[in-house]
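*Asks:* Chains as they are written, first to last, in this note's numbering: chain A, 318 to 514; chain B, 318 to 514.
Glycine included, every Cβ here is placed at the ideal spot set by N, Cα and C.
The structure displayed is predicted, hence computed values, not measured ones.
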DNA sequence: CACTAATTTTAATCCGGATTAAAATTTTCG
DNA sequence: CGAAAATTTTAATCCGGATTAAAATTAGTG
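1) Output the distance between the C-alpha atoms of residue 377/B and residue 432/B, rounded to the nearest integer angstrom.
2) Among the residues of its own chain, which have a CB less than 6 Å from the CB of residue 486/B, if the five just before and after it don't count?
3) Rounded to whole angstroms, what's the CA-CA distance from residue 360/A to residue 371/A? Just pull it up for me.
4) Could you list the residues in the stretch 414–437 of chain B with a C-beta less than 8 Å from some C-beta on chain A, going in chain order?
5) Determine, using beta-carbon pairs with one atom in the stretch 409–424 of chain A and one in the stretch 462–474 of chain A, whether at least three such pairs fall under 8 Å.
6) Whole alpha helix (DSSP H) runs in the stretch 378–466 of chain B with 4 or more residues, listed along the chain?
7) On a CA-only basis, which of 473/A, 500/A and 334/A is nearest residue 453/A? Give me that one, please.
8) Quick check: residue 375/A and residue 354/A, are their CB atoms within less than 8 Å of each other?
9) Within 8 Å (strictly less), CB to CB, does residue 504/B reach chain A?
10) Straight-line CA distance for residue 446/A to residue 423/A?
11) Apart from the five residues on each side of it in sequence, which residues of its chain come closer than 7 Å, Cβ to Cβ, to residue 337/B?
12) Between residue 461/A and residue 405/A, which are expected to be in contact by the criterion C-beta below 8 Å, what is the C-beta distance as a whole number of angstroms?
13) Does the CB of residue 469/B have a neighbour CB from chain A at under 8 Å?
14) Skipping 5 residues on each side, what residues in its chain have a beta carbon closer than 7 Å to that of residue 391/A?
15) Within this structure, are the beta carbons of residue 398/B and residue 345/B separated by less than 8 Å?
16) Could you check if residue 326/B is buried or exposed, using at least 16 other CB atoms within 10 Å of its CB as the buried criterion?
17) Determine the chain A residues that contact residue 486/B at a beta-carbon separation under 8 Å, and present them in chain order.
18) Please list the partners that residue 377/B has in chain A, where partner means a Cβ-to-Cβ separation under 8 Å.
Structure representation (structure tokens):
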């Protein structure tokens, strides 16, 4: 079976998922150029060449990591929106979920630092998803302003600030559960405090 | 004259500074592995090999970019502290200065995404400076809490959030002056709002 | 057990971009 | 102008890590 095969077995998918997490951890901690496929492979008790059984190459690996990151961001925002409530409440819930995803059992989420080195199609796809996510979050802020739950503010810039704070998490969070608790408790609180009318 | 020579002329220093900015722009926009020395050289109308007249190599170039970033962070914080006032006021002033540095005429400031790929001595130096800067900012927040100008909060986490928001700026700011204005106006406001008692 | 598919390894190859050396050009300044 | 220093280029070399191919091992299945 080739790695592009969609009829993958359960064990295959599991290992592929573990591969993506290991890669995300490496990329976040050692940088893209700083991590060789060997580094990633070692974490799974494999040889570098074995990775090619699961993925087409290093670029593809980055792409998959970014897709996974995009999935998580989208899912947390969608869930927060689905749960309903005021704009403020939705934004806060999203932050809770997303910070928890970063610090919790979702394992490391890749920082999108190497989008430009992706293949053109992949690059466009990731960029589009990334922008869409930002626009969706900004829409939540807009709703909050309209329903009076969020102070009138520059939505684009405020969104940039919040996204930056969250996206930066992997830079200082390295798995310590005590720190995870602090983050989950503090981040949504602090970031939303500045949005109260 | 060798690039390690300290008795450098004015023109040499100027060009070296331009080199660092060009490199920071490339690294921020195309990632470390995504930018070749040729990319950087082209921005200065030079050939890739010419870069070695100003810098020992790619690692050294990254190191210098990071040192420059550290300098700017330190300088803005020092200035804010020197100007005095409550903890809240100092923190706010620091944010104004630092955001302005990111978006203004200081040119692009490198995001420290590739610290692990530095040479060990350089890596340690950058890490130390980076940690020191964080601790210094946290100290400002502590002062604010003590003097009653800042709400009681988890200083470490709040600092992480603020630093993340600021450090992420180069991800979305690409030189548009109108955007720069928005950022300078919005960022300190929003980020400090959450700290009011 | 024997046979086939799945998984991993070993052992090359390959290649882009960093680096170097020497030559050429430009600048400085008497 | 002309010599020495400064700057840049041209033309290799060099190398680490990605990638590939084929062989070996392991797991599943009748």
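*Replies:* If we stick to the structure as given:
1) Position 60 of the second chain, counting from 1, holds the residue named residue 377/B. Position 115 of the second chain, counting from 1, holds the residue named residue 432/B. The alpha-carbon atoms of residue 377/B and residue 432/B are separated by roughly 12 Å.
2) Here residue 486/B is taken as the residue at index 169 of the second chain, counted from 1. Apart from sequence neighbours up to five positions away, the residues of its chain that approach residue 486/B with a beta-carbon distance below 6 Å are 419, ordered along the chain.
3) Working through the first chain from its first residue, we reach residue 360/A at position 43. Working through the first chain from its first residue, we reach residue 371/A at position 54. Straight-line Cα distance between these residues: approximately 15 Å.
4) 428, 430, 431, 432, 433 and 434
5) With the cut-off at 8 Å, the stretch 409–424 of chain A and the stretch 462–474 of chain A do not touch.
6) 404–420 and 437–463
7) In the first chain, the residue the question calls residue 453/A occupies position 136. Residue 473/A is the option with its Cα nearest to residue 453/A.
8) As a first step, residue 375/A is located in the first chain; it is residue number 58 there, counting from the start. As a first step, residue 354/A is located in the first chain; it is residue number 37 there, counting from the start. Closer than 8 Å, so yes.
9) Taking the first residue of the second chain as position 1, residue 504/B is located at position 187. It does: the Cβ of residue 504/B has a partner Cβ on chain A nearer than 8 Å.
10) As a first step, residue 446/A is located in the first chain; it is residue number 129 there, counting from the start. As a first step, residue 423/A is located in the first chain; it is residue number 106 there, counting from the start. Rounded to whole angstroms, residue 446/A to residue 423/A spans 20 Å at the Cα level.
11) Here residue 337/B corresponds to residue number 20 of the second chain, with the count starting at 1. Only 381, 382 and 385 meet the Cβ criterion.
12) Position 144 of the first chain, counted from the start, is the residue given in the question as residue 461/A. Position 88 of the first chain, counted from the start, is the residue given in the question as residue 405/A. So it is a contact: roughly 5 Å between Cβ atoms.
13) Along the second chain, read from residue 1 onward, the residue named residue 469/B stands at position 152. No, its Cβ sits nowhere closer than 8 Å to a Cβ of chain A.
14) For the purposes of this step, residue 391/A is identified with residue 74 of the first chain, where counting begins at 1. Counting only Cβ-Cβ distances below 7 Å, and skipping sequence neighbours, we find 450.
15) For this step, residue 398/B is matched to residue 81 along the second chain. For this step, residue 345/B is matched to residue 28 along the second chain. No, they are not a contact pair.
16) Taking the second chain and counting its residues from 1, the one referred to as residue 326/B is at position 9. Exposed, because fewer than 16 other Cβ atoms sit within 10 Å of the Cβ of residue 326/B.
17) Position 169 of the second chain, counting from 1, holds the residue named residue 486/B. The answer, in chain order, is 477 and 481.
18) Position 60 of the second chain, counting from 1, holds the residue named residue 377/B. Correct list: empty, because the minimum Cβ distance to chain A is about 15 Å.
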